[in-house]
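Just so we're aligned: the sequence shown equals residues -18 to -1, 1 to 117 in mature numbering (1 follows the signal peptide of the UniProt record, and there is no 0).
Glycine included, C-beta positions come from ideal geometry on N, C-alpha and C.
Predicted model, so just to flag it, every value in this text is computed and none were measured.
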Amino acid sequence: MKFSTILSAAAALTFVNAEVTSKANFGVVTIHSGSSYQYGSINKDSDKLLVNGKGDAVTFNLKNGELTDQDNAKIAPGTNGFLATSSKSDTSFSVKDDRYLVYNGQDFYACPDGGNTYLSTKSCENGVSVELLAQ
């Protein structure tokens, strides 16, 4: 039964809108086969974006390379690479292969730190690379 559930979830994820950037808001799930981050959620706790974390579910809008959330807050990496809401504009986001959200053409990392797992643009100790599948 678990196998059929996994197949159903995988099939549902293949129906991604190729025009992600034209959608007002789109969600993402993390992809890293065989890890706890496979089909993981992205949540916002305070101003930080977490993988499989506490906080509110996040949807995004992408326009001219700038990523914003459902509250119209700009998203940008801090100096450590962790994504968070920001007052500065960053136009380095795009969609690869009509379905994957990337930063400067690269995938993201799930970075465990202090009991949370942060979404990052930089590799980190004990981090795992993840793709962000737009849906």
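Separation of residue j from residue i, as counted between CA atoms
i	j	result
Thr12	Tyr19	6 Å
Thr99	Asn62	13 Å
Lys45	Ser68	16 Å
Residue range of the unbroken beta strand (DSSP E) whose run includes residue i
i	result
Phe112	One point to set straight first is that residue 112 is Val, not Phe, in the sequence displayed. Note, Val112: beta strand (DSSP E), 110 to 116.
Asn54	Where Asn54 is concerned, there is no enclosing beta strand (DSSP E), given that its DSSP letter is neither H nor E.
Thr12	10 to 13
8 Å contact criterion, which residue i and residue j should meet: CB distance rounded
i	j	result
Lys56	Val40	Not really, about 13 Å apart at Cβ, beyond 8 Å.
Asp51	Phe42	6 Å
Phe75	Leu49	4 Å
Sequence-distant residues of the same chain with beta carbon closer than 7 Å to residue i, five excluded per side
i	result
Ser105	Tyr91
Asp38	Asn25, Lys26
Same chain, Cβ closer than 6 Å to residue i, five either side skipped, listed in chain order
i	result
Gly22	Thr12, Val33, Asn34
**Prompt:** Could you give the uninterrupted runs of the alpha helix (DSSP H) lying entirely in the segment 22 to 101, keeping only those of 4 residues or more?
**Reply:** none
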